[in-house]
Amino acid sequence: MNATGTTNYLWSRHFAAALAGAGLAHVVISPGARSTPLTLAFLRQAGVRCHVLVDERSAAFFALGLAKATELPVALVCTSGSAPAHWLPAVIEADAGRVPLLLLSADRPAELHGWGANQTVPQTGLFTGFVRAAHALATPEEGFLPRQVHTLAARLLAECRWPCPGPVHVNLPFREPLLPPAAKLATSPELGPVHPPEAPPPLVLPAPHAVAQAAARLSGRPGLILAGALPPGSAGPDYARAVAALARALDCPVLAEPLSGLRHGAAGLEADSRPDSHHFLAHGEALVQDAAFVAAQAPAWILRCGDAQVSRSLQTWLSQCLDQGTELLLLEGEGRWPDPERGTTLLLRGDTAATLAALAQAVAAKAPPAWMQAWRAAEQGAGDLARATLDAAGDDLWEGAVVADLLAALPAESRLFWGNSMAVRDGDSFSGLSAKPLEEHGNRGCSGIDGQLSTALGLAAAGSAEGRYSAALLGDLAAHHDLNALAAARELDCLLVVVNNGGGGIFEYLPARALPEYETGWLTPVPLVLAHGAAAYGVPYRRAASRAEFQAAIAEAVATGGPWLVEAVVERSESVARHRAYWQAVSGSEN
217 MNATGTTNYL WSRHFAAALA GAGLAHVVIS PGARSTPLTL AFLRQAGVRC HVLVDERSAA
277 FFALGLAKAT ELPVALVCTS GSAPAHWLPA VIEADAGRVP LLLLSADRPA ELHGWGANQT
337 VPQTGLFTGF VRAAHALATP EEGFLPRQVH TLAARLLAEC RWPCPGPVHV NLPFREPLLP
397 PAAKLATSPE LGPVHPPEAP PPLVLPAPHA VAQAAARLSG RPGLILAGAL PPGSAGPDYA
457 RAVAALARAL DCPVLAEPLS GLRHGAAGLE ADSRPDSHHF LAHGEALVQD AAFVAAQAPA
517 WILRCGDAQV SRSLQTWLSQ CLDQGTELLL LEGEGRWPDP ERGTTLLLRG DTAATLAALA
577 QAVAAKAPPA WMQAWRAAEQ GAGDLARATL DAAGDDLWEG AVVADLLAAL PAESRLFWGN
637 SMAVRDGDSF SGLSAKPLEE HGNRGCSGID GQLSTALGLA AAGSAEGRYS AALLGDLAAH
697 HDLNALAAAR ELDCLLVVVN NGGGGIFEYL PARALPEYET GWLTPVPLVL AHGAAAYGVP
757 YRRAASRAEF QAAIAEAVAT GGPWLVEAVV ERSESVARHR AYWQAVSGSE N
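Under the working numbering, residues 217 to 807 are what the sequence shown spells out, in order.
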């Protein structure tokens, strides 16, 4: 019997060491008995930072944030039974958002399945349809070959990263006894050097004939680039430089999504090639609502890279352009076909930054000068209207002011998480462009409001280790959904801003608003006292009901450091009126 415990422990030590050797730096553990060999192995593994979160659902979103920030796979460990099922929402987001997660679920051995043994459920197919690979391992056996364990570890991390980043599930059954006797554990020798095989992801270059074909379609014709979010590891300075170079070569506008990394300094980009307001635009959503402008400025082509647009107005405008004959060129590097409009005329496969750089070298002519001038002037006008809307509100607190003041208060190089529903849309509308480098994230794979605080705190955990500040902006329902994530906030430098507008504010702008059952079925205000929630987890809290109070609260949080929860109380009807006034100004009609 002792041999079983020893084998479990040694196998797990080799597995953890090989994962560390292959590049794993973070493991998020939810405590449990059956996962004891894995947990102990990771806790004893040099070079791996272990984060322990009791709630598996929160732990999975926390790991998602870590993976986004580090741009590397992050492992999750949990026990058997219902525990891994709580990972599912985050796994779905990781799948859609192409975020690398390694899911390590402990299990009972095969002989206990199907006989009513406690805490035994069919785990092997739990994430079918949402993982890049699934492995059902056998129980560790005495005499296992360490090199096979090392190779398995390297393969798992490689599957997380290529060809399409995402989650990989490994089900690991262990027989009892789970560990050797304590005395033997205390005298267990250290492992020697572990050298798993190397498997770096390749750089996939576009086919030269496809680049030439695309360049011919772009050259000398009016068009624009829709720049969306890329998966972890694909965005960053190379992407920003390549987009900027192509925009200059074509003299075309770039409609930069809020999560594209191209609005605020394109973190890490050298000053001489930093994206600026010359080609990069932040008010695309507003521009395409001006019927006269879009009628006069119809693009011959649209080049899309990254994820789909946050703005529904942009999505509608794109479909209208395609109906009128605009060519859609799609850049895609992960083997997908992300084209909800189903209007692509040319699909270029390859690394996004490399493809953009190749196109910049291949294009032969710029668009007519009047094309970029018109878009630049319209961008300036939309920005002026946004600033006028902010100024007109005075000291009244509403979402546009929250976005502007939060961005102004954050230190350079901060990480910012945009929550779903209204938060990311207000970020799209009112964040503008700036030279200050910020790294922006969100969970837009399937755009749920679950796990928002946990994801933001995962980003903050990576940032605190690097000396970088982190912040998040989300709504009151998202905070209510994930409040126990605050247990992970201790010792993190992070500012969590919750806009409390009394429920699901986004539905004020959707058809359900006209229904008599609106408040009961859609608005769903919750009796959430955030001050009590923050106090329960020892997180400093401030409440702001005016713009001056909000500015003071976030300034205190940034200056003091550590975790802070700031509640921005917004009067919903006034906020709706200000939003509508802005949209009416930019479009000339009621919105």
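Cβ coordinates follow ideal geometry from the N, Cα and C atoms, glycine included.
Beta-bridge partners of residue i, as assigned by DSSP
{"i": "Thr542", "result": "DSSP output for Thr542 lists no bridge partner at all."}
{"i": "Glu783", "result": "Val714, Arg759"}
{"i": "Pro389", "result": "Asp323"}
{"i": "Gly500", "result": "Its beta-bridge partners do not exist; DSSP assigns none."}
{"i": "Pro383", "result": "Leu317"}
{"i": "Val243", "result": "Cys266, Ala291"}
{"i": "Leu564", "result": "Leu547"}
{"i": "Leu606", "result": "Answer by DSSP bridge pairing: none, since Leu606 is not bridged."}
{"i": "Ala472", "result": "Ala443"}
{"i": "Arg520", "result": "Leu442, Leu546"}
Within 7 Å, strictly: CB atoms of residue i and residue j
{"i": "Gly382", "j": "Arg314", "result": "yes"}
{"i": "Thr295", "j": "Gly248", "result": "yes"}
{"i": "Val244", "j": "Phe278", "result": "yes"}
{"i": "Leu675", "j": "Ala285", "result": "yes"}
{"i": "Gly549", "j": "Leu421", "result": "no"}
{"i": "Ala583", "j": "Asp467", "result": "yes"}
{"i": "Gln668", "j": "Leu690", "result": "yes"}
{"i": "Asp323", "j": "Asn387", "result": "yes"}
{"i": "Pro515", "j": "Gly439", "result": "yes"}
{"i": "Thr336", "j": "Leu342", "result": "no"}
{"i": "Val792", "j": "Glu724", "result": "yes"}
{"i": "His242", "j": "Arg265", "result": "yes"}
{"i": "Leu632", "j": "Ala677", "result": "no"}
{"i": "Thr679", "j": "Leu475", "result": "One detail in the question is off: residue 679 reads as Gly in this sequence, not Thr. No. Outside cutoff."}
{"i": "Ser670", "j": "Asp698", "result": "yes"}
{"i": "Leu538", "j": "Gly500", "result": "no"}
Neighbourhood of residue i by C-beta distance below 8 Å, restricted to the same chain and skipping five residues each side
{"i": "Ser803", "result": "Ala502, Gln505, Asp506, Ala507"}
{"i": "Val774", "result": "Ala625, Leu626, Pro627, Tyr685, Leu711"}
{"i": "Ala299", "result": "Ser246, Gly248, Glu272, Ser321"}
{"i": "Ser535", "result": "Glu557, Gly559"}
Cβ shell of residue i (< 6 Å), same chain only, five flanking positions each side left out
{"i": "Ala483", "result": "At Ala483 the pLDDT is 35, less than 50, meaning the model places this residue with poor confidence and gives no usable figure here."}
{"i": "Ser493", "result": "At Ser493 the pLDDT is 44, less than 50, meaning the model places this residue with poor confidence and gives no usable figure here."}
{"i": "Leu563", "result": "Leu546"}
{"i": "Gly718", "result": "Pro741, Arg788"}
{"i": "Ala797", "result": "none"}
{"i": "Gly777", "result": "Asp709"}
CA nearest to the CA of residue i, picked from the options
{"i": "Thr255", "options": "Leu395, Val427, Pro417", "result": "Leu395"}
{"i": "Asn471", "options": "Ala461, Leu401, Phe496", "result": "Note that residue 471 corresponds to Leu in the displayed sequence, not to Asn. Minimum Cα distance to Leu471 is reached at Phe496."}
{"i": "Val714", "options": "Glu392, Val579, Ala639, Gly664", "result": "Ala639"}
{"i": "Ser321", "options": "Ser251, Gln335, Val290", "result": "Ser251"}
{"i": "Cys521", "options": "Gly683, Arg371, Gly754, Pro447", "result": "Pro447"}
{"i": "Asp311", "options": "Glu327, Ala283, Gln335, Val337", "result": "Ala283"}
{"i": "Arg706", "options": "Pro743, Arg729, Ala752, Glu724", "result": "Ala752"}
{"i": "Leu304", "options": "Gly330, Leu538, Val347", "result": "Val347"}
{"i": "Pro338", "options": "Gly297, Ala232, Tyr455", "result": "Gly297"}
{"i": "Ala232", "options": "Gly436, Arg729, Ala352, Glu406", "result": "Glu406"}
{"i": "Ala617", "options": "Leu606, Pro627, Leu626, Ala672", "result": "Leu606"}
{"i": "Val745", "options": "Ala695, Pro779, Ala728", "result": "Ala695"}
{"i": "Ala609", "options": "Glu358, Arg794, Pro316, Cys380", "result": "Arg794"}
{"i": "Asp621", "options": "Arg796, Arg759, Ala764, Val526", "result": "Ala764"}
{"i": "Ala750", "options": "Pro362, Asn636, Val782, Gly452", "result": "Val782"}
{"i": "Ser645", "options": "Gln525, Gly408, Ser404, Gly263", "result": "Gln525"}
{"i": "Gly359", "options": "Leu572, His351, His230", "result": "His230"}
{"i": "Gly239", "options": "Ala349, Gly263, Ala257", "result": "Gly263"}
{"i": "Gly352", "options": "Leu401, Pro379, Val384", "result": "With the sequence shown as reference, residue 352 is identified as Ala, and Gly is not the correct amino acid for it. The shortest Cα separation from Ala352 among Leu401, Pro379, Val384 belongs to Val384."}
{"i": "Glu375", "options": "Thr403, Lys400, Leu361, Glu414", "result": "Glu414"}
{"i": "Glu660", "options": "Ala465, Asn636, Gly683", "result": "Reading the sequence as shown, one finds Arg at residue 660 and not Glu. Checked all of Ala465, Asn636, Gly683; the closest Cα to Arg660 is Asn636."}
{"i": "Gly408", "options": "Ala573, Pro362, Ala569", "result": "Pro362"}
{"i": "Leu373", "options": "Thr344, Leu318, Gly330, Glu392", "result": "Leu318"}
Sequence-distant residues of its chain with Cβ nearer than 7 Å to residue i (five each side left out)
{"i": "Ala761", "result": "Leu613, Val785"}
{"i": "Ala234", "result": "Val365, His366, Ala369, Ala370, Val410, Pro412"}
{"i": "Glu287", "result": "Pro448, Gly449"}
{"i": "Pro253", "result": "Asn224, Tyr225, Ser228, Phe390, Leu394, Leu395"}
{"i": "Ala578", "result": "Val427, Ala428, Ala431"}
{"i": "Gly498", "result": "The sequence shown places Ala at residue 498, not Gly. Around Ala498: Ala472, Arg479, Ser647, Gly648, Leu649."}
{"i": "Leu673", "result": "Phe278, Gly281, Ala701, Ala704, Ala705, Leu708, Cys710"}
{"i": "Phe509", "result": "Leu503, Ala594"}
Start-end ranges of the alpha helix (DSSP H) lying completely within the segment 731-779, minimum 4 residues: Whole alpha helix (DSSP H) segments, 4+ residues: 746-752, 763-776.
Complete alpha helix (DSSP H) runs within the segment 609-664 (minimum length 4 residues, chain order): Listed in chain order, they are 615-625, 638-646.
Complete runs of the beta strand (DSSP E) confined to the segment 314-363 [at least 3 residues]: 317-323, 349-352
Ordered list of alpha helix (DSSP H) runs contained in the segment 257-319, each at least 4 residues: If you keep only unbroken alpha helix (DSSP H) runs of at least 4 residues inside the segment 257-319, you get 272-286, 304-313.
Residue ranges of each beta strand (DSSP E) within the segment 392-468, 3 or longer: 439-443
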